[in-house]
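Participant: Provided herewith is a single structure, encoded as structure tokens, for subsequent inquiry.
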Amino acid sequence: MAKKLSSKAKKIIAVLVAVVVAIAAVIGGFNIYFSYLGKQEQHGTAAGDPAWSADQAFDISKLQSLDMGADDYKVLVLTDIHLKNHATFAAELGVNYVLDWAGKIALDNMVEEVQPDLILVLGDTTLTDRNDIEYERFVKQMDSYQTPWACVFGNHDDEGRADKAKLVDVLETSEYGLFQWGPENLHGAGNYAIRLTRGGATQQVLFMLDTGSSTDPAGTTGINEQQVAWYNWTMDGIKAAEGAYPQNMAFFHIPLPVYSELQDGFLMGERAEATYPGDVDSGLFDAMKAHNGTQMFAAHDHNNDFTAEVDGIRVSYALKSSYNCYFKFGMTGGTLLTIGPDNQIQQELIYF
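Residue numbers (the working numbering): 130 to 481.
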């Protein structure tokens, strides 16, 4: 004959059930509230620079510049942070809050350890209906490091209630941010260049490029002809001003098709998933070969962090920098580029 539960055991079970119901109610309430917030469309006021044309005169003084000084200069590359990611079970259970909290601690510790001179963020900073709110929080986090930082958009950033113009409005509130919309007739928002100088001379040029959104028309993601023409024009203009093509690197979210061709023989890192390149490939790789390009960095495919050398150019994935959205254990952190006084670049994967 089955024994009856004691009154004490019944009370314990009742308390546990009540706690579970209370937690579920709180999470459910938050989900309902944030679902409501996510339906309130936010349209920004930001706009790009006037339309660009290859016939325009180039003015090197209009490029943002950072002096690297005489010592090593450290550039820390982050990507795919996916704040409040709503595409997995974590959003329904409220686990994404915990993952964001753990990821922020890891990023804070890494920045404190590395002490970078510049931080670059390669998109998919968030994936949530309330994307502008998460961008506001992220800007505060980045500014807390008191370090210049720049970013590009990923394919998911503007899938929420706020359009890119609103997200740019938020980015422009940053005290340390270097983001620029760039020419209005280039693809997306966030096509701009940053000069790294020593003694006033350009040592490196960092090209930040928008590869498009999941909300864009089908067949348009990637780097298009107009963006490549603008890259060529910028590099030719710097050569005309300074007498030679400086070394330069490109940073973007969605990889080029060349990434799909690389399966082994990596200089560092690994491939743990397929490559999902953009729809268009308008020749950026060949353009960089012709203009002293040295490295390109993509993101998007979270479980890849490899670097390979192709025709003298290093083709790299930046390391995923959070625990939100899918990831492979042991493959999260940041990619550190150390530019020496001799302008040589050392690359390192910093895991957390």
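Note that the Cβ used here is the ideal one computed from N, Cα and C, for glycine as well.
Across the stretch 180-192 and the stretch 448-468, are there enough close Cβ pairs to call them in contact, namely three or more that are closer than 8 Å?
Facilitator: no
Participant: Does DSSP put Leu207 in a helix, a strand or coil?
Facilitator: strand
Participant: Is Ser411 near Phe426, with beta carbons less than 7 Å apart?
Facilitator: no
Participant: For Gly283, count the other beta carbons within 10 Å of its own beta carbon; 16 or more makes it buried, fewer makes it exposed. Which is it?
Facilitator: Buried, because 16 or more other Cβ atoms sit within 10 Å of the Cβ of Gly283.
Participant: Return the CA-CA distance between Phe336 and Val146, expressed in angstroms with no decimal places.
Facilitator: 55 Å
Participant: If I follow the unbroken beta strand (DSSP E) through Glu477, where does it start and stop?
Facilitator: Ile474 to Tyr480
Participant: Could you tell me the alpha carbon to alpha carbon distance between Asn353 and Gly311, rounded to whole angstroms?
Facilitator: 15 Å
Participant: Taking a contact to mean a Cβ-Cβ separation below 7 Å, would you say Ala235 touches Phe435 in this structure?
Facilitator: no
Participant: Given a cut-off of 7 Å on the beta-carbon distance, is the pair Asn433 and Gln332 in contact?
Facilitator: no
Participant: For Leu325 and Asp365, I'd like the C-alpha separation in whole angstroms.
Facilitator: 17 Å
Participant: Distance cutoff 7 Å, beta carbons only. Does Thr404 sit that close to anything in chain C?
Facilitator: Checking the listed chains, one finds no chain C in this structure; it contains a single protein chain.
Participant: Compare the beta carbon distance of Thr254 and Ser450 with 7 Å and say whether it is the shorter of the two.
Facilitator: Not closer than 7 Å, so no.
Participant: Asp229 lies in the alpha helix (DSSP H); which residues open and close that run?
Facilitator: Val224 to Val243
Participant: Below 7 Å between beta carbons: does that hold for Lys213 and Asn225?
Facilitator: yes
Participant: Hey, how far is the Cα of Thr174 from the Cα of Phe267?
Facilitator: 20 Å
Participant: Quick check on the burial criterion: 16 or more other C-beta atoms within 10 angstroms. Buried or exposed for Pro179?
Facilitator: exposed
Participant: One question on the structure: do His431 and Tyr452 come within less than 7 Å of each other, judged by their Cβ atoms?
Facilitator: no
Participant: What does the Cβ neighbour count give for Glu313, buried or exposed, with the cut at 16 atoms within 10 Å?
Facilitator: exposed
Participant: Give every residue of the same chain whose Cβ lies closer than 6 Å to the Cβ of Asp272, excluding the five residues on either side of it in the sequence, and list them in chain order.
Facilitator: Ser303, Glu304 and Tyr305
Participant: Give the straight-line distance between the Cα atoms of Arg259 and Gly289, rounded to the nearest whole angstrom.
Facilitator: Taking the straight line joining both Cα atoms gives about 6 Å.
Participant: Could you work out which residue in Thr257, Val250, Val281 and Gly469 is closest to Gln270 when comparing CA atoms only?
Facilitator: Comparing Cα positions, the closest option is Val250.
Participant: When you compare the CB positions of Ala291 and Gln171, do they come within less than 7 Å of one another, or not?
Facilitator: Taking 7 Å as the Cβ cut-off, Ala291 and Gln171 qualify as a contacting pair.
Participant: Are the beta-carbon atoms of Leu448 and Thr464 separated by less than 7 Å?
Facilitator: At a Cβ-Cβ threshold of 7 Å, Leu448 and Thr464 count as neighbours.
Participant: Write down every uninterrupted run of the alpha helix (DSSP H) in the stretch 266-309 whose length is 4 residues or greater and which is fully enclosed by it, in chain order.
Facilitator: 293-300
Participant: Should Ser182 go down as buried or exposed, given a rule of 16 or more other Cβ atoms within 10 Å for buried?
Facilitator: exposed
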